Amino acid sequence: MTPQERQLVSVLGETEFANIFDLVLLFICYGAYILGFIIAVRSLTIGTWGRPQTVLLACLITTFICFSWDVFNAGAVVLELDWYTLEQGITGQTQAADKKVMEWQVTSGWPSIINLLLSDGIVVWRASTLYARSKFWRFILATLMIANVNTIWDIFNEETEFSKSAILDWVAVGLSLIVNMVATVLFSYKAWKHRRYMDGVNGGLARRGAQAQKILNLLVESGVIFCIVQSFYVIVIALDTCDITTMWPRNTVDTVFIIASSCYPVTVIGLLHKDNKRLASAESFNTRSSLQSDDICFSTIRGSNGIVSSIDYNDRLTRLESSISSKDTTPCFA
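Here it is in structure tokens:
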């Protein structure tokens, strides 16, 4: 065996070990994702069913299909590499394996990109809902989301030059990172403001507020984790080279990013609905105290005719007190 062949065998061994490690990590997280997917779908069925639940269910199914394709694609690539590596010579088999794997890699980018867009869209939608009266922040979130979609579209545009694709790649992930950072900061401010307000209340309102506080805290924590993963991914892409010594870390970061972009929307949807039943069955709380929170909306008011309406802060106290005897509450986080 020549020195070149020994070096090639060493590289193939390292590549095989890295591929198996990434594949095991992907399958373990895929199993956890399926559990989270079932919980999220189950939580959507609690309470009334409407158009928002239908849209969220469609998003969940889409993320499931895309993540499943990523897992299947990764397994197929490893099998193709092993097949051609074991059945043919050393030099020729490597070239044949690379050529065969390219057929699988043509569609490998779409599922993770779709999941990333869905993740960003769900987070932007939730942040916009919490800041429904702030046109400024809704405009900022919408602008960032449009820029994110436009950049990703340019990546998959056939006319985009290869030299520009790497730049657009990390720019797209960077814009997605900015979107999630802004949304996480908005969640953090809402959670902080809500905590300050809840420090001065007690009784039934305190119990209802504690559930809302937990949801806000979990949204912040999951957003921070996802932003950290995206930050590492942006750094790895920006410093990416074709050196074989950096391929293993890059592939592992790619795998973690695929897992995070698939699990994050499921986590957000699950958090928004996990306490829906408990909140819906909670006893009526102190009405006058709850109306003093200008930004945190715990409930909408459903009248006896079944129509749900949002109550403006300036006049909701008067309207609610005059009709409280014939109304019930429904959680705003549904």
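Numbering-wise (my numbering), the sequence shown opens with residue -17 and increments by one.
A virtual CB, placed ideally from N, CA and C, is assigned to each residue, including glycine.
Computed from a predicted model, the values in this text were never measured in an experiment.
Would you identify the three-state DSSP class for residue i, choosing helix, strand or coil?
i: alanine 109; result: helix
i: threonine 27; result: coil
i: arginine 33; result: helix
i: serine 116; result: coil
i: aspartate 236; result: helix
i: leucine 181; result: The sequence shown places aspartate at residue 181, not leucine. It is coil, neither helix nor strand.
i: leucine 221; result: coil
i: serine 147; result: Legend: pLDDT at serine 147 = 49, less than 50; position of this residue unreliable, no value from coordinates given.
Going along the chain, which residues of its own chain have a beta-carbon closer than 7 Å to the beta-carbon of residue i, five neighbours each way excluded?
i: asparagine 7; result: Residue identity check: residue 7 is leucine in the sequence provided, not asparagine. Excluding sequence neighbours, leucine 7 sits near Thr237.
i: valine 131; result: Leu99
i: threonine 133; result: Leu150, Val153, Ala154, Leu157
i: phenylalanine 214; result: Val235
i: glycine 288; result: Bear in mind that the predicted position of glycine 288 carries a pLDDT of just 36, short of 50, making it too unreliable to give a figure here.
i: tryptophan 119; result: Tyr113, Leu168
By Cβ distance, which residues of its chain are closer than 6 Å to residue i, with the 5 residues on each side in sequence left out?
i: valine 248; result: Gly18, Phe19, Ala22
i: asparagine 97; result: Thr45, Cys48, Ser243, Ser244
i: aspartate 181; result: none
i: isoleucine 104; result: Pro247, Val250
i: asparagine 1; result: Val60
Is it the case that the Cβ atoms of residue i and residue j are separated by a distance below 8 Å?
i: cysteine 41; j: serine 244; result: no
i: alanine 165; j: valine 206; result: no
i: leucine 123; j: alanine 109; result: yes
i: glycine 57; j: leucine 112; result: no
i: phenylalanine 121; j: asparagine 162; result: no
i: leucine 168; j: valine 216; result: no
i: isoleucine 210; j: cysteine 11; result: no
i: leucine 200; j: lysine 172; result: no
i: serine 94; j: aspartate 52; result: yes
i: histidine 176; j: alanine 192; result: no
Could you pull out every residue in the same chain whose Cβ sits closer than 8 Å to the Cβ of residue i, ignoring the five residues on either side in sequence?
i: glycine 204; result: Glycine is not the amino acid found at residue 204; the sequence shown has serine there. Excluding sequence neighbours, serine 204 sits near Tyr246, Thr249, Val250, Leu253.
i: threonine 234; result: Ala0, Phe3, Asp4, Leu7
i: valine 202; result: Thr166, Phe169, Ser170, Ala173
i: leucine 26; result: Gln35, Leu38, Leu39, Leu42, Ile251, His255
i: alanine 129; result: Leu157
i: alanine 14; result: Cys245
i: glutamine 274; result: Caution applies to glutamine 274, whose pLDDT of 42 falls short of 50 and renders its modelled position unreliable; the value that the coordinates give is listed next. Cβ neighbours of glutamine 274 beyond the five flanking positions: Tyr179.
Is residue i close to the ligand GTP? I mean its beta-carbon at under 7 Å from any heavy atom of the ligand.
i: valine 238; result: Looking at this structure, you won't find the ligand GTP or any other ligand, since it has none at all.
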